[in-house]
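S.K.: Below is the structure I would like to discuss, written out as structure tokens.
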Amino acid sequence: MPNPSRSDVIKPEVRGLSAYTLQHFDAGVKLDQNENPYELPTDLKREVAERVLRRPWARYPEFVPAAIIQTLAKFTGWPGEGILVGNGSNELIQASLTVTLGPGRKLAVPQPTFTLYKLMARALQAEVDEILLDAERLTFDVDKLLEASRTSEVVVVSTPNNPTGNLFDRDALVALLKNAKGLVLVDEAYHEFSGQTAFSLLPEHRNLVVLRTFSKAMAMAGLRFGYMMAHPEIAREVYKWKLPYNVNIFTLTAAELVTERRSLLNQAIADIIRERDRVFDELQKRASVRAFPSKANFILMKTARPAHRLFDALYSQGVLVRDVSSYPLLDRCLRVSIGTPEENDRFLVALDQALENKNGST
Ligand SMILES: Cc1ncc(COP(=O)(O)O)c(C=O)c1O
């Protein structure tokens, strides 16, 4: 029997890709995935579990999860006909790209950024126009992106950008929306930490798609939930590709309750922002570290040491960060998520230890 993975059964564009994956490491201080270090209150979790116990598990969820859509519509102020929910925002990124990209179509994307956009576009056999950030400051090259947007079915911008932490300027976004031939996907996975959102541009711009996740500020990464806001005409098209019953009843119930009680998260978000600014100031004091200003819940930093050496030196002290040095322009860079004050202190102590340690300093 022929080996299907080596024959033409699998598309060459897929065989040529590396899978989106992350090696698992156990560590006492986990600062590698930009998660919220604070769990939701136990009472709230218990309430979710009790509500789910009262629902039938043997039955499918509703075809259109009306309750959460209504809750989100009330929370955001965007009409429910323009909202889609997903099993994580990844699923909605995939759905939006699948209905827009394919052979002979193009995605324009700044680089470095969240790796999934390019991976999915390639798997869909679309062309990918990668617009490098400024090599020194890692800011967006707006002019090049505007130019690429004129010939691309989709432009995607992560703002704040993962892994650099910087924002896409609002005026530049308006120009992009006016110029673009196709959709402009604005991935707001970290917007709660930035105080900036493209939301108010939605009514004016039918080509704007705003993506949000409950995995970061909303402290629900383990339950997988995200949502998309767009003009109802666009939402209707993306909906055609979305799998039926994509969000399970546990997650739907939790997302509803967490959205209704959103103010419970305010303190944690404020603490993370305060800690981000403190860690940034601390990093600035270290002559051998260059920290990039961030509006997210993580900080990108560069040192003179090879990133894998510094990663190992931190890990050996129980601190897990993300080695992003294989991304374009990010040689010698690591990304550290903001944890609790104690976790951040442990990171800073481990960093000083690692940078002083001559053994691995090459
Ligand atoms: C920019 C960006 N978008 C989307 C996601 C994925 O979010 P979700 O967990 O909702 O799939 C991430 C996760 O790290 C991210 O950094």
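Be aware that the sequence shown starts at 626, since it is given in our numbering, and climbs by one per residue.
Virtual Cβ for every residue (Gly too), placed ideally from N, Cα, C.
#1: Give the residues whose C-beta lies closer than 5 Å to at least one heavy atom of ligand 1, in chain order.
#2: Measuring alpha carbon to alpha carbon, tell me which of Thr696, Tyr852, Leu808, Asn982 ends up nearest Thr884.
#3: Any contact of the region 937-954 with the region 656-666, i.e. 3+ C-beta pairs under 8 Å?
#4: Looking only at its chain, what residues have a beta carbon closer than 6 Å to the beta carbon of Lys927, apart from the 5 residues adjacent to it on each side?
#5: Tell me the rounded alpha-carbon separation between Asp768 and Ala805.
#6: To test your reading of the DSSP string, which unbroken beta strand (DSSP E) runs of 3 or more residues are found completely within the region 877-939?
#7: Excluding sequence positions up to five away, which residues of its chain have a Cβ less than 7 Å from the Cβ of Leu770?
#8: Does Asp768 come out as helix, strand or coil in the three-state DSSP assignment?
#9: With a CB to CB cut of under 6 Å and the five nearest residues on each side skipped, what residues in its chain are close to Gly985?
#10: Please name the residue or residues paired with Val961 in a DSSP beta bridge.
#11: Go through its chain and collect everything with a Cβ distance to Leu792's Cβ below 7 Å, but skip five positions before and after it.
#12: Need the endpoints of the alpha helix (DSSP H) that Arg747 sits in, please.
#13: Are the beta-carbon atoms belonging to Ile963 and Ile897 less than 8 Å from one another?
#14: Helix, strand or coil: which one does DSSP assign to Asp711?
#15: With DSSP collapsed to three states, give me the class of Tyr864.
#16: Could you give the DSSP three-state label for Gln658: helix, strand or coil?
#17: Going by DSSP in three states, Val734 sits in which element: helix, strand or coil?
#18: Using the C-alpha atoms, what's the distance from Ala823 back to Arg831?
#19: May I ask you to report which of helix, strand or coil DSSP gives Thr822?
#20: From Val835 to Asn982, what does the alpha carbon distance come to, in whole angstroms?
#21: Please determine, among Met853, Leu827, Leu758, the residue with the shortest C-alpha to C-alpha distance to Pro953.
#22: So, is Ala814 buried or exposed, given that buried needs 16 or more other C-beta atoms within 10 angstroms?
#23: Using alpha carbons as the reference points, say which of Leu833, Ala929, Lys910 lies closest to Leu973.
#24: Contact defined as beta carbons within less than 8 Å: I believe Trp703 pairs with Leu827. What is the distance between those atoms, to the nearest angstrom?
#25: Tell me which residues share the same chain as Phe700 and place their Cβ nearer than 6 Å to its Cβ, disregarding the 5 neighbours each side in the sequence.
#26: Distance, Cα to Cα, Gly943 vs Pro869?
#27: Assuming Phe739 and Asn787 make a contact with CB atoms under 8 Å, what is their CB distance in whole Å?
#28: Apart from the five residues on each side of it in sequence, which residues of its chain come closer than 7 Å, Cβ to Cβ, to Val961?
M.R.: A quick look at the data gives this:
#1: Gly713, Ser714, Asn715, Phe739, Ser783, Asn787, Asp812, Ala814, Thr838, Ser840, Gly851
#2: Thr696
#3: yes
#4: Arg915, Arg957, Cys958
#5: One C-alpha to the other measures close to 12 Å.
#6: 914-916, 923-928
#7: Ala733, Pro735, Ile756, Val780, Leu801
#8: Asp768 falls in the helix class under three-state DSSP.
#9: For Gly985, the pLDDT reaches just 44, beneath the cut-off of 50, and the residue's location in the model is therefore unreliable, although a value from the coordinates is still provided. Arg934, Ala938, listed in sequence order.
#10: Answer is Ile924, bridged to Val961.
#11: Thr784, Pro785, Ser819, Gln821, Lys920
#12: Counting along the chain, Arg747 sits inside the alpha helix (DSSP H) bounded by residues 741-748.
#13: yes
#14: Note that residue 711 is Gly in the sequence shown here, rather than Asp. Gly711: strand per DSSP, three-state reduction.
#15: helix
#16: coil
#17: strand
#18: Looking at the two C-alpha atoms, the distance is approximately 13 Å.
#19: DSSP places Thr822 in coil when its eight states are reduced to three.
#20: 45 Å
#21: Leu758
#22: buried
#23: Lys910
#24: 6 Å
#25: Thr884
#26: 42 Å
#27: 5 Å
#28: The answer, listed in chain order, is Leu656, Phe923, Ile924, Met926, Val946, Phe972.
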